[in-house]
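The next block holds one structure in the form of structure tokens; read it before the comments.
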Amino acid sequence: MRFRSIIILTYFFFVNPLCAYEVIDENAIKKTSNVLKESLTIAGDNSKELLKAISELHGERAESLVFLIKHMPERDLKNLSSEYLIENVNYAFKAREESEWAKSVPKDIFLNDVLPYASINERRDRWRKDFHTRFSPLVKKCKSLEEAAQVLNKEMWKMINVKYHARKRPKPDQSPYESIDAGFASCTGLSVLLIDACRSVGVPARFVGTPMWSNKRGNHSWVEVWDGKNWKFTGACEYSDAGLGHAWFKGDASKAIKDDPRHAIYASSWKKTGTNFPLIWDLGIDYVSAENVTDNYTVKTSRRVFIQLFNKKGGDRVAARVEVWKNGLKVGGGETRDENNDTNDMLALSLKKGDDYKLRIISEKSGLLLRPFVVSGKDDEQIFFYIKE
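Residues 7 to 395, numbered by the working numbering, are exactly what the sequence shown covers, in order.
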């Protein structure tokens, strides 16, 4: 009901303002129309299409479309049809409802990195329904977001017959169907294709790139996939059986320079961030929002991770011998502290950001326990473990 009220009130406020005051008082109009006021004003005559699309959706779907419209660039506000938007939203939710891993995606990530119909400045193709039909059978038996993304990156290129070629592709910023029609695409066009394929089946994916490597060897674009815990990179049309987070450009990316817009690494965002993605093929475009994610690639130094062990949630600290293992190798260990130690006295280990670890707890009372964990990379990060979970 909330969004239907907004639709009715915004219609009167923008399309027929003289009638607005006959229906509801000025304060109520302002309160309910501010969500889309700026966007609908920019849309002009096309605001009717946007409002029509919202009016034909319900609940979360209407709410999600409001999010899209709120952060939509001017070119889309003025041109996208209600039919296009409704199909995009409905099939995004259809994919979300078809697997447990798609359902597990947090709402904010779904809105920002599954729902959007575009990544950068590419032509707005109507790909969502078609891609869902093509690619959903590939991921039907997948058990995780990462597995689904991996299967797509391995299998989809044979289905659509698109390859990388720096010169044969018509332009760098191709839309999905422009790349399919040409049979060739740049790293940018391939990334757009993989992102759309992922989104079509409910896998969060976003466009990532650098305007120029720090060694000035050129620009590059790739994809990040949300695996349920973290964003992990992969090269489009560059499947690696080692999994996400493995690519030839890892070394180059580690030398990016965060504070230099020419050499930093950016990840696209549908939600406005205040930072523009520097599109090297057209630096005049300023409507693609981004996050500077350079730190995710360049942080090589180990950070302190404080390990605390409790007998149960809300219980007492426990002293026990622990070992940290990664890929079958022991990489750290020590003795946790109990209630007899100062509360700021904790087992501190130097562990690298972003790696998956396992903590082996060697307890006289409970025997050998195993607890998986991830280091997020925060300074002086504390991680809590429990004997009884």
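Every residue, glycine too, gets a C-beta built ideally from N, C-alpha and C. Bear in mind the structure is a predicted one, so any value in this text is a computation, not a measurement.
- Rounded to whole angstroms, Leu121 and Lys109 show a C-alpha spacing of 13 angstroms.
- Taken atom to atom, the span from the alpha-carbon of Ser206 to that of Thr279 is near 24 angstroms.
- Two segments are said to touch when three or more pairs of C-beta atoms, one from each, lie closer than 8 angstroms; by this definition the region 79–89 does not touch the region 167–177.
- In the structure shown, Glu128 falls within a coil segment according to DSSP collapsed to helix, strand and coil.
- Burial check for Pro378: the Cβ neighbour count within 10 Å stays below 16, so the residue is exposed.
- Along the length of the region 176–228, whole alpha helix (DSSP H) runs at least 4 residues long occupy 182–188 and 193–206, reported in chain order.
- Scanning its chain for C-beta atoms nearer than 7 angstroms, with the 5 sequence neighbours on each side dropped, one finds around Ile92 the residues Ala59, Glu62 and Leu63, in chain order.
- Here the alpha carbons of Val168 and Ser246 stand approximately 18 angstroms from one another.
- In the DSSP annotation of this structure, the continuous segment of the beta strand (DSSP E) that includes Asp362 starts and ends at Asp362 to Ser369.
- Apart from the 5 residues on each side of it in sequence, Glu152 sits with its Cβ closer than 8 angstroms to the Cβ of Val231, Asp233, Gly234, Lys238, Gly249 and Leu250 in its chain, given in chain order.
- The beta-carbon separation of Ala262 and Thr216, rounded to 6 angstroms, stays under the 8 angstroms limit for a contact.
- In this structure, DSSP gives Val324 a state outside helix and strand, which the three-state scheme calls coil.
- In this structure, Val95 sits near Leu71, with a CB-CB distance shorter than 8 angstroms.
- Here Lys135 has Glu93 and Tyr97 as same chain residues with Cβ atoms under 8 angstroms from its own Cβ, once five neighbours each way along the sequence are excluded.
- In the displayed model, Ala273 falls within a strand according to three-state DSSP.
- Each of Gly290, Asn225, Glu104 and Arg130 was checked against the Cα of Met78, and the nearest Cα belongs to Arg130.
- Bridge pairing for Thr240: Val229 [DSSP].
- Relative to the Cα of Arg366, the nearest Cα in the group Asp386, Lys384 and Val337 belongs to Val337.
- For Gly65, there is no enclosing beta strand (DSSP E); the enclosing alpha helix (DSSP H) covers residues Gly65 to Lys76.
- Phe312 and Gly339 have their C-alpha atoms some 11 angstroms from each other.
- With a cutoff of 8 angstroms on beta-carbon distance, Thr240 and Asn159 are scored as near each other.
- Per the C-alpha coordinates, the member of Gly360, Ile286, Arg81 and Tyr123 positioned closest to Asp202 is Tyr123.
- By the Cβ neighbour-count rule, Glu395 is exposed, with fewer than 16 other Cβ atoms within 10 Å of its own.
- Within the DSSP bridge table, the entry for Lys146 names no partner.
- Sixteen is the threshold: when 16 or more other Cβ atoms of the shown chains lie within 10 Å of the Cβ of Pro210, as they do, the residue is buried.
- Taking 8 angstroms as the cut-off, the Cβ atoms of Glu341 and Leu357 do not count as close.
- When the beta-carbon positions are compared, Ser275 and Ile126 stay at least 8 angstroms from each other.
- One alpha carbon belongs to Asp114, the other to Arg140, and they sit about 26 angstroms apart.
- In this structure Glu128 is buried. Its beta-carbon is surrounded by 16 or more other beta-carbon atoms within 10 angstroms.
- The beta-carbon separation of Asn282 and Val299, rounded to 14 angstroms, does not stay under the 8 angstroms limit for a contact.
- Secondary structure at Gly340: strand, using DSSP grouped into helix, strand and coil.
- DSSP, reduced to helix, strand and coil, places Phe255 outside both helices and strands of the structure shown, so it counts as coil.
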